[in-house]
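Here's the structure we're looking at; comments come further down.
Numbering (the working numbering), first residue to last: 891 to 1318.
As C-alpha cells, this is what we get:
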C-alpha cells in the first residue's frame, strides 16, 4: 500500500510540473521522458544506470537477457538513424533508448505475466528505475521554472556572506584553471555523472534483493530522490545563479562585473539584482554537494574500494562546484547540513521516531534555517568580521555532523558477543 501511495503521489507531482511547464511554453518531465522512447536521450548513461538498478530484482540469466536486449535495441536504433541521416551528436546520446525499452517491457511483463509477490517485486524494481530517470527530468523542469518565475536573485547577499569563508570559489577557480584541461575534464566528468556514481553505491546496497526477494527498508536511492524533490523548493525561496554568472563572463551583460575567478567582489551593501530568464537559480543549497555527501554517507558500510570511491567523489564534486564557479562556499555548507537532516529524517522514519531522531532532525533543520537567514539578513556583518563568522559557519555545520554521527552510532545494531566457555575445574 505504501508503494502504491508513493506512486500515485509521484505521478500527481509530475503532472503538476508538466502543467506548470506548459504554462511557460516548455515541455515538462513527462513529455521529455516520453520523447526518449524514440528520440536520442539526453543521458544514455543515466538510462543504463537505471536499468542496472532495476536488474537487482532479476536472476543472473534474466540480467544477461535484459542487457543483451537493450544493447540490441540500441544497435537497431543506431542503424536506423544512420540510414536516415539523423545527427544524434547534436541532439543527444546515441544510446539509451534500449535501456528504457527494457525497463518499460519489464513493467508490461510484471502486469501480464507475474502474480503475487513476484509481480510486486518486479514493479518495485521498475518503479525505482523510472523514479531515478524522472528525478532527473523533474530537476530539469524545476530549473526552467526557477528561471522564469524568479526574475530577481540574491547573489550579492550570498557573495557578501561568502567573504566570511574567504571567497573559496575564487580561490578554487584559479587552482582548477592552473591544472589545465586535464583537471577540468576530470572534474567535469565527476560533476556530470553524479547519478551514475549513486547507482554504483545503490547496487551494492541492493545486491541481495534477487536472493531475499525484498528491498532493504532504507537505501541511497531514497535519499537521492528526496534531496532532488525538496531542494528545488529552496531554490524558489532563495534564488541564486552562482559566481560564474553573477560575477563572471557567462553572465553577459547581466553580470555585476567580470570578476570571477581573478578578483573577489568588493564588500558593499548587497541588493536584489535582476537576471535573465534562462539561467537556473540553483545554488542555495548546493544539491551536487548534497548528493555527493549522501553518496559518501552510504558508501561507509561498503568495501574499501567503495569507501575510497565515495570519498573521492565527494572531494572532486566539492572541487568542481567551486572550481567551475557554479557555487559559493556558503552554498556547500548549507548543502551538507541539508543532506544530513534529510538522511536523519529518513533513517528515523525507517526505525521509528523517537526522541533522539526528533532532536537530530530538529537540530539540522534549525541550523539550516539559521544559515539561510544569516546569508540574507547578516551578510555585511559576516563580511566585516570574517574571523568571527567564518569559524561560526564551520562550527554550525560541524555540530550537525557531530550530532549525526553520535546519534546514528547509537542506532546501529551492536555486534553479537561470542559466548566464552566457562573454565572447567580440574582442567589446565
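Glycine is no exception: its CB is placed at the ideal position from the N, C-alpha and C atoms.
**Alpha-carbon to alpha-carbon, residue 1060 and residue 1176** = Position 286 of the chain shown holds residue 1176. Position 170 of the chain shown holds residue 1060. Straight-line spacing of the CA atoms in residue 1176 and residue 1060 works out to 16 angstroms.
**C-alpha distance - residue 1194 paired with residue 1053, whole-angstrom precision** = Translated into the one-based positions of the chain shown, residue 1194 becomes position 304. Translated into the one-based positions of the chain shown, residue 1053 becomes position 163. Going by the C-alpha atoms only, they are around 37 angstroms apart.
**Prompt:** Per DSSP, what kind of secondary structure is residue 1126 in: helix, strand or coil?
**Reply:** For the purposes of this step, residue 1126 is taken as the residue at position 236 of the chain shown. Helix, per DSSP.
**Request:** Name the residue from 1243, 1200, 1269 whose alpha carbon lies nearest to the alpha carbon of residue 1298.
**Result:** Mapped onto the chain shown, residue 1298 falls at position 408. Sorting 1243, 1200, 1269 by C-alpha distance to the C-alpha of residue 1298 places 1243 at the top.
**Message:** Please give me, in chain order, every unbroken run of the alpha helix (DSSP H) with length at least 4 that falls completely inside the region 1131-1160.
**Reply:** Correct list: 1133-1136.
**Coil, strand or helix - residue 1163 by DSSP** = Taking the chain shown and counting its residues from 1, the one referred to as residue 1163 is at position 273. Collapsing the DSSP output to three states places residue 1163 in a strand.
**Prompt:** Where does residue 1292 land, buried or exposed, given buried means 16+ other C-beta within 10 angstroms?
**Reply:** For this step, residue 1292 is matched to residue 402 along the chain shown. Within a 10 Å sphere around the beta-carbon of residue 1292 sit fewer than 16 other beta-carbons, which makes this residue exposed.
**Asked** residue 904: beta carbon under 7 angstroms from a heavy atom of the ligand FMN?
**Response** Summarising the ligand content, the structure contains no ligands, and the ligand FMN is consequently not present.
**Request:** Quick one: measure Cβ to Cβ for residue 1094 and residue 1192, integer angstroms, because I've assumed they're closer than 8 angstroms.
**Result:** By one-based count along the chain shown, residue 1094 stands at place 204. By one-based count along the chain shown, residue 1192 stands at place 302. Confirmed, about 5 angstroms.
**Request:** Compare the C-alpha of residue 1166 against each of 1132, 1284, 948 and name the closest.
**Result:** The sequence position of residue 1166 within the chain shown is 276, counting from 1. For residue 1166, the closest alpha carbon among the candidates 1132, 1284, 948 is that of 1132.
**Request:** Output the distance between the C-alpha atoms of residue 972 and residue 940, rounded to the nearest integer angstrom.
**Result:** One-based indexing of the chain shown puts residue 972 at position 82. One-based indexing of the chain shown puts residue 940 at position 50. Distance between the alpha carbons of residue 972 and residue 940: 26 angstroms.
**Message:** I'd like to check one pair, residue 1232 with residue 1113: are the Cβ atoms closer than 8 angstroms?
**Reply:** As a position in the chain shown, residue 1113 is number 223, starting the count at 1. As a position in the chain shown, residue 1232 is number 342, starting the count at 1. Yes; because the gap between Cβ atoms is below 8 angstroms, this pair is in contact.
**Item:** Residue closest to residue 1290, alpha-carbon to alpha-carbon, out of 1239, 908, 1226
**Value:** On the chain shown, residue 1290 is found 400 positions in, with the first residue counted as 1. Of 1239, 908, 1226, the residue nearest in Cα terms is 1226.
**Prompt:** Quick one: complete alpha helix (DSSP H) runs, 4+ long, within the region 1033-1085?
**Reply:** For the region 1033-1085, the full-length alpha helix (DSSP H) segments reaching 4 residues or more read 1045-1051, 1058-1082 along the chain.
**Alpha carbon of residue 1123 to alpha carbon of residue 1027, nearest angstrom** = By 1-based counting over the chain shown, the position of residue 1123 is 233. By 1-based counting over the chain shown, the position of residue 1027 is 137. Going from the Cα of residue 1123 to the Cα of residue 1027 covers about 15 angstroms.
**Prompt:** Does the distance from the CB of residue 1092 to the CB of residue 1109 come in under 8 angstroms?
**Reply:** Counted from its first residue, the chain shown places residue 1092 at position 202. Counted from its first residue, the chain shown places residue 1109 at position 219. Note that the C-beta distance between residue 1092 and residue 1109 is below 8 angstroms.
**Message:** Could you tell me the alpha carbon to alpha carbon distance between residue 979 and residue 967, rounded to whole angstroms?
**Reply:** Residue 979 sits at position 89 when you count from the first residue of the chain shown. Residue 967 sits at position 77 when you count from the first residue of the chain shown. With a pLDDT of 49 at residue 979, under the threshold of 50, the modelled position of this residue cannot be trusted; read the value that follows with caution. Taking the straight line joining both Cα atoms gives about 14 angstroms.
**Asked** Would you say the region 1010-1017 touches the region 910-922, given that touching needs at least three Cβ pairs under 8 angstroms?
**Response** Counting Cβ pairs under 8 angstroms, fewer than three are found: no touch.
**Message:** Taking 6 angstroms as the limit between beta carbons, can you name the residues of its chain near residue 1317, skipping five residues before and five after?
**Reply:** As a position in the chain shown, residue 1317 is number 427, starting the count at 1. Unreliable placement is indicated for residue 1317, whose pLDDT of 49 sits below 50; no coordinate value is reported for it.
**Prompt:** Applying the criterion that 16 or more other CB atoms from any shown protein chain within 10 Å of the CB defines a buried residue, is residue 1260 buried or exposed?
**Reply:** On the chain shown, residue 1260 is found 370 positions in, with the first residue counted as 1. It counts as exposed.
**Item:** N- and C-terminal bounds of the alpha helix (DSSP H) containing residue 1292
**Value:** In the chain shown, the residue the question calls residue 1292 occupies position 402. For residue 1292, the uninterrupted alpha helix (DSSP H) run begins and ends at 1276-1301, by DSSP.
**Prompt:** If you run the structure through DSSP and keep just helix, strand and coil, what is residue 1246?
**Reply:** Working through the chain shown from its first residue, we reach residue 1246 at position 356. Looking at residue 1246 - three-state DSSP - the assignment turns out to be helix.
**Request:** Give, in chain order, every unbroken run of the alpha helix (DSSP H) that is at least 4 residues long and sits entirely within the region 1228-1272.
**Result:** Listed in chain order, the complete alpha helix (DSSP H) runs (minimum 4 residues) inside the region 1228-1272 are 1245-1267.
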